[in-house]
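First to last, the sequence lines map onto chains A and B. Residue numbering for the first sequence is 1 to 234, as defined by the UniProt record's numbering. Residue numbering for the second sequence is 1 to 234, as defined by the UniProt record's numbering. Single-structure report; data block below.
Number of protein chains: 2
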Amino acid sequence: MHIFYTPDIAHNTYTLNEEESKHCVRVLRLPVGSLVNLVDGNGGFYTAEITLDNPKKVVLSILNVERGFHKRNHHLHIAVAPTKNIDRIEWFLEKATELGIDEITPIITDRSERRIVKEDRLNKVITSAVKQSIKAYHPKLNGAISYDAFMKLPFDGEKLIAHCIDQGEKKYISDLVVPHQKYLILVGPEGDFTPEEVNLALNKGFKALTLGDNRLRTETAALSVCFEINYLNR
Amino acid sequence: MHIFYTPDIAHNTYTLNEEESKHCVRVLRLPVGSLVNLVDGNGGFYTAEITLDNPKKVVLSILNVERGFHKRNHHLHIAVAPTKNIDRIEWFLEKATELGIDEITPIITDRSERRIVKEDRLNKVITSAVKQSIKAYHPKLNGAISYDAFMKLPFDGEKLIAHCIDQGEKKYISDLVVPHQKYLILVGPEGDFTPEEVNLALNKGFKALTLGDNRLRTETAALSVCFEINYLNR
């Protein structure tokens, strides 16, 4: 069944915007009486019936709603340096949404080659993956922020940093965390965090993690973190 | 240090082909006396010195070789239906090479939308990831084969099939396999395997696996399998 993302749903009926209405009527060719699904990005999963198939203004009548649809049993926040080639971070966002993630913050580090991200575009990638993989929760993309500013923000869960510097003890995620927590995990840019950035994190109570012997690209490291946290929580 | 893929290395010296020689001299600007690394795709990791910097014919003298470099402790063979959009399977090959995989077979199933793959191009993606992630072993890409023909081939390891059909018991990979084995794992196309294909596999001794509640794209499912097998073997 076709799925629409409707974060502003509030009543027993819902009107699709012009773009979605056109898609619904002209591309999907759904007539009055067809059933569709809606997700509100906040855990609501709806079944609705088309009651008006105007290509500029499709009206849906909500038949059923399930709250907390596939609610996740932990909260995963990954703060990652955006890659030089933006395709790579878009891939990460799509795959992380499929596998399960709650919050992403692009962090601009000392060695970041990319210092600007277009959040609108990245959010579209996430929304598309939300619909494709039928998630009722929409991962939250925070605005890009400098590493130093980010490290001044409060955070009350388990805090880890992935880095490749040969400095101090590192452990696997499975040896560092327990299930069903809030996690914040930092992943650096192509050239890694600087020793000063790592030290700042360690001083703030972050623990250093290893993802094994493989030399991973930034987006692969971030996805590996996502896999592993979801694996440990399933 | 720059790395070259040299599967035909056989002596104490090695001559780069014209394309690599040009890259070495004109792009990397490496003069005589520079050190580079070579991997032969079969476990050999070499350190070599440039003894002739001719842009058509760079000659390297081997200084050191390490055999069985980062030898893997298991053998993972994933047979996956190539995706309609070939970028997606290329992405899988790149990421699987980074994370660790030994053998890949593109299988053409009943519901495969893509029935032809360009193996040369896919092998280039793998080789690029081999160099980027400094692997001395080059994953083997087999020729595309029909599902039925593939199922007639002998295979002596642990055999699993990932499918989404609501049919019979499915278990997590971690409940189905033990570490340090040979594994063959089947991943279907966008529209899944047919019930007949699943039954054929079950009759051949394959066990049905689940990757959890998430609805994953083909390439995400295949990468999930790759992640999980490597995780269980680390």
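Think of the CB as a built atom: it goes at the ideal place given N, C-alpha and C, for glycine as much as any other residue. Nothing here was measured: the structure is a model prediction, and the numbers come from that model.
- When B:HIS180, B:HIS23, B:THR194, B:LYS131 are compared, the shortest CA-CA separation from ASP148 (chain B) is found for B:THR194.
- For SER224 (chain A), the uninterrupted alpha helix (DSSP H) run begins and ends at 218 to 232, by DSSP.
- Within the same chain, and ignoring the five residues on either side of ALA48 (chain A) in sequence, the residues whose Cβ sits closer than 8 angstroms to its Cβ are TYR14, LEU35, VAL36, ASN37, LEU38, LEU60, SER61, ILE62, LEU63.
- In terms of Cα proximity to ASP156 (chain B), the closest of B:GLY212, B:PHE206, B:VAL198 is B:PHE206.
- A residue is called buried once 16 or more other Cβ atoms fall within 10 Å of its Cβ, and GLU119 (chain A), having fewer, is exposed.
- DSSP places LYS159 (chain A) inside the beta strand (DSSP E), whose first and last residues are 158 to 162.
- At least 8 angstroms separates the CB of SER128 (chain B) from every CB of chain A.
- Counting along the chain, ALA149 (chain A) sits inside the alpha helix (DSSP H) bounded by residues 147 to 151.
- Under the DSSP assignment, PHE45 (chain A) falls in the beta strand (DSSP E) whose first and last residues are 45 to 54.
- When secondary structure is reduced to three states using DSSP, VAL39 (chain A) falls in the strand class.
- At a cut-off of 8 angstroms between beta carbons, LEU160 (chain A) makes no contact with chain B.
- In the three-state DSSP reduction, VAL58 (chain A) falls in the strand class (E or B).
- One alpha carbon belongs to ASN230 (chain A), the other to LEU176 (chain A), and they sit about 14 angstroms apart.
- When the alpha-carbon of ARG215 (chain A) is set against those of B:GLN132, B:LEU141, B:ILE173, the nearest one is in B:GLN132.
- About 6 angstroms separates the Cβ atoms of PHE4 (chain A) and GLU20 (chain A), confirming a contact at the 8 angstroms cut-off.
- Burial check for ASP87 (chain B): the Cβ neighbour count within 10 Å stays below 16, so the residue is exposed.
- By the Cβ-count criterion, ASP40 (chain B) is buried, with 16 or more other Cβ atoms from all chains shown falling within 10 Å of its own Cβ.
- In this structure, ARG115 (chain B) sits away from GLU98 (chain A), with a CB-CB distance that is not shorter than 8 angstroms.
- Annotation for ALA208 (chain B): the continuous beta strand (DSSP E) segment containing it runs 207 to 210.
- With distances taken between CA atoms, GLY44 (chain A) lies nearest to A:HIS11 out of A:HIS11, A:ASP53, A:LEU52.
- The DSSP assignment places complete alpha helix (DSSP H) segments of no fewer than 4 residues inside the segment 106 to 151 of chain B at 119 to 132, 147 to 151, in order along the chain.
- The Cβ neighbour count for HIS77 (chain B), taken over all protein chains shown within 10 Å, is at least 16; the residue is labelled buried.
- Counting C-beta atoms within 10 angstroms of its own C-beta, VAL80 (chain B) has 16 or more neighbours from the protein chains shown and is therefore classed as buried.
- Assigned with DSSP and collapsed to three states, ASN64 (chain B) falls in strand.
- Contact annotation, LEU209 (chain A) with TYR172 (chain A): C-beta distance approximately 7 angstroms; criterion of less than 8 angstroms satisfied.
- LEU93 (chain B) is not a Cβ neighbour of VAL130 (chain B), given a cutoff of 8 angstroms.
- Cβ neighbours of THR109 (chain B) within its own chain (closer than 7 angstroms, five residues either side excluded): ALA81, TYR147, GLY188, PRO189, PHE193, GLU197.
- The three-state reading of DSSP puts LYS182 (chain A) in strand, counting E and B together.
- The beta carbon of LYS140 (chain A) is closer than 8 angstroms to those of ASP102, GLU103, ILE104 in its chain, skipping five residues each way along the sequence.
- As DSSP reads the structure, HIS77 (chain B) sits in a beta bridge with B:GLU103, B:LEU184.
- A distance of 8 angstroms or more separates the beta carbons of LYS182 (chain A) and HIS23 (chain A).
- Within 9 angstroms of the CB of HIS70 (chain A), the CB atoms of chain B belong to ASP213, ASN214, in sequence order along the chain.
- With 16 or more other Cβ atoms inside 10 Å of its own Cβ, GLU219 (chain B) counts as buried.
- Short of 8 angstroms from the beta carbon of ARG29 (chain A), and not among the five residues preceding or following it, lies no beta carbon of its own chain.
- VAL32 (chain B) places its beta carbon 8 angstroms or farther from that of LEU16 (chain B).
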